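Structure first, commentary second.
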Amino acid sequence: MGDKKKSETRIRKYIKGLIRNRKYLTTEDICLYLERYYGVPIHIPSVFYRYKKIIRECRKEVYAERKRKKKKSK
Numbered sequence: 001m002g003d004k005k006k007s008e009t010r011i012r013k014y015i016k017g018l019i020r021n022r023k024y025l026t027t028e029d030i031c032l033y034l035e036r037y038y039g040v041p042i043h044i045p046s047v048f049y050r051y052k053k054i055i056r057e058c059r060k061e062v063y064a065e066r067k068r069k070k071k072k073s074k
């Protein structure tokens, strides 16, 4: 399969924005936002788990970004 870069979709940008701008949101909270604003059918288990994975990836990216920023400012 290989490690390919995920495309920066509108939903991914939205999730990253939520993670950056809110104190802390659980995965379920983020899923509720997605359901409300993008109409993502989160009540379907396969969809929920797919977005759960995407949220985890976005969280890693945002936290790595914060770490770099913090390291750079020292």
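Numbers 1 to 74, taken from full-length UniProt numbering, label the letters of the sequence shown in order. Yeah, the Cβ is synthetic: ideal placement off N, Cα and C, and Gly gets one too. Bear in mind the structure is a predicted one, so any value in this text is a computation, not a measurement.
Given a cut-off of 7 angstroms on the beta-carbon distance, is the pair L34 and V40 in contact? In the sequence shown, counting from the first residue as 1, residue 34 sits at position 34. In the sequence shown, counting from the first residue as 1, residue 40 sits at position 40. In contact: L34 and V40 (Cβ atoms closer than 7 angstroms).
Suppose you measure from the CA of Y37 to the CA of R10; what does that come to, to the nearest Å? Here the question's residue 37 lines up with position 37 in the sequence shown. Here the question's residue 10 lines up with position 10 in the sequence shown. Roughly 12 angstroms between the two C-alpha positions.
Where do the ends of the alpha helix (DSSP H) carrying K72 lie? If you number the sequence shown from 1, residue 72 lands on position 72. Counting along the chain, the alpha helix (DSSP H) containing K72 begins and ends at P45 to S73.
Which one of K71, S46 and E57 has the shortest CA to CA distance from I15? In the sequence shown, counting from the first residue as 1, residue 15 sits at position 15. The residue with the shortest Cα to Cα distance from I15 is E57.
Minimum C-alpha distance to D29 - residue among S7, K52 and E8: Working through the sequence shown from its first residue, we reach residue 29 at position 29. For the residues S7, K52 and E8, the minimum Cα distance to D29 belongs to K52.
Contact check, I55 vs T27, beta carbons under 7 angstroms: Taking the first residue of the sequence shown as position 1, residue 55 is located at position 55. Taking the first residue of the sequence shown as position 1, residue 27 is located at position 27. For I55 and T27, yes; Cβs fall inside 7 angstroms.
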